[in-house]
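Here is the structure we will look at.
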Amino acid sequence: MGVKLKIKIKWERILGLIIISAALFYFYEHMVSVTSVDAFVNADVRNVYAPLFGHLKTNDLKPGQSFKRDELLFEVNNQYIGGVWIYSDYYNLQYRIGLLEMEIAEDQISVKKYEDDLERNEKLREVGGVAEETVKEIRYKLNVLNSGIESKKSQLSYLKESFQKLAAQLELYKKAIVHAPVNGVVWSVSRKDGEYVEAGSIVLQIIDKDNIWVDAFFDEKEAKYLSPGYVVTVIDDVHHKEWQGKISFSRPGQFLKDQHAPNDGVARPKRKEEKGLIAVRIEPIWTKVFSSKEFYGYGEKVTVKIQKYPFGRHE
């Protein structure tokens, strides 16, 4: 009888400790801290496009491959540029330049002939062999010819400058080299090496490693604890990671959406857990939490906790 009583007392004590522990945990969770309803790591994901149509050279780009800003990503080579309008303009300018150069050369020969005629007729005029009007007419024709040559030279200079610009532009239609716009990691690759791509089509997506944040949603009754500058704790239970962040801004009246619902335009009833929430953006204070192989944590589900006043703090 005494043994049974002791066992009963022992279990009552254990049960009491469990109840007290649960009460303390509840007190800590609901009285000392505020916990997010939903939260996930977000990032600036950049689309990288093909600047022209042609065949792709990616050197076997794969998701998870990291790049530094301005590092080579891929090339696009266009072997069928003959159909581009700029190609006909290129040859038209080339023809006009050649024609103008030939005209200038012919005019310069004529100038030499008129200069010889002028010199000969000036000598004849001195001895009365030709009239003054003849000399003036030759000199006039020579001046007109020289003026025309100068005008054609100016036009030729302009055409050559236009031709050089067009030639440089033509090279852009033949080949384009695309560099990484940011420091980051490849999130997805839409095109394969050697594949033909259209101008403006997405080739890959890059996660900007310098622009990572956490989007969290809190019950609107906790609004007073969600002011900008407030320091929070972000917890990733799956990967056993924890770091601090800082609230940059919050927006009231947001709703938690079912991320797995198909986007087919069909009206569906709201989920029961969808209720008035406050969306909060959290900038990381410690940014070296995830590696590039982990895509810097993009898309990871996390939990955000905020200590209530007077325990919380602003940075």
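When you read off a place in the sequence shown, starting at 1, and then add 5, the result is the number in our numbering.
The beta-carbon is built from N, C-alpha and C at its ideal position, and this holds for glycine as well.
Query: Grab me the residues of I311's own chain with a C-beta within less than 7 Å of its C-beta, minus the 5 sequence neighbours each way, in chain order.; Result: S38, V39, Y230, Y235, V237 and G317
Query: Using the Cβ count rule (16 or more neighbours within 10 Å means buried), how would you classify N64?; Result: exposed
Query: From E299 to V239, what distance separates their C-alpha atoms?; Result: 17 Å
Query: Is there contact here, the region 213 to 226 with the region 188 to 204, by at least three beta-carbon pairs under 8 Å?; Result: yes
Query: Taking the alpha carbon of I211 as the point to measure from, which residue in Y54, V46 and A44 has its own alpha carbon closest?; Result: Y54
Query: For D49, which residues from the same chain have a beta carbon less than 6 Å from its beta carbon, with the 5 sequence-adjacent residues on both sides left out?; Result: D213 and N216
Query: Grouping DSSP H, G and I as helix and E and B as strand, with all else coil, what is K306?; Result: strand
Query: Measuring CA to CA, which of T139, S195 and R286 is closest to R256?; Result: R286
Query: How far does the beta strand (DSSP E) with S193 in it reach, from first residue to last?; Result: G189 to V194
Query: With DSSP collapsed to three states, give me the class of K67.; Result: coil
Query: Straight-line CA distance for K351 to D112?; Result: Lying outside 6 to 320, the shown extent of the chain, residue 351 is not represented and no answer is given.
Query: Can you say whether S156 is buried or exposed, counting buried as having 16 or more other CB atoms within 10 angstroms of its CB?; Result: exposed
Query: With 16 other CB atoms within 10 Å as the buried threshold, where does S41 fall?; Result: buried
Query: In the region 136 to 205, which residue ranges form an unbroken beta strand (DSSP E) of at least 3 residues, counting only runs that do not cross its ends?; Result: 180 to 184 and 189 to 194
Query: Quick check on this structure: which residue in I102, I154 and D121 has the alpha carbon closest to the alpha carbon of V140?; Result: D121
Query: Please list, in chain order, all residues of the same chain as A76 whose beta carbon is under 6 Å from its beta carbon, the five residues on each side excluded.; Result: Before going on, a small fix: residue 76 reads as Glu here, not Ala. These residues qualify, in order along the chain: A185.
Query: Whose C-beta lies closer than 7 Å to the C-beta of E288 among residues of the same chain, with five residues either side of it excluded?; Result: W218, G250, K251 and S253
Query: Quick one: what's V53 bridged to in DSSP?; Result: L209
Query: Specify the secondary structure class of K62 as computed by DSSP and reduced to three states.; Result: strand
Query: Looking at P68 and V208, is the spacing between their C-beta atoms short of 8 Å?; Result: no
Query: Could you round the C-beta distance between L282 and D224 to whole angstroms and report it? I think they count as a contact, below 8 Å.; Result: 7 Å
Query: So, do the region 162 to 181 and the region 97 to 116 have three or more beta carbon pairs nearer to each other than 8 Å?; Result: yes
Query: When the Cα of A181 is compared with those of D43, F79 and R51, which residue comes out closest?; Result: F79
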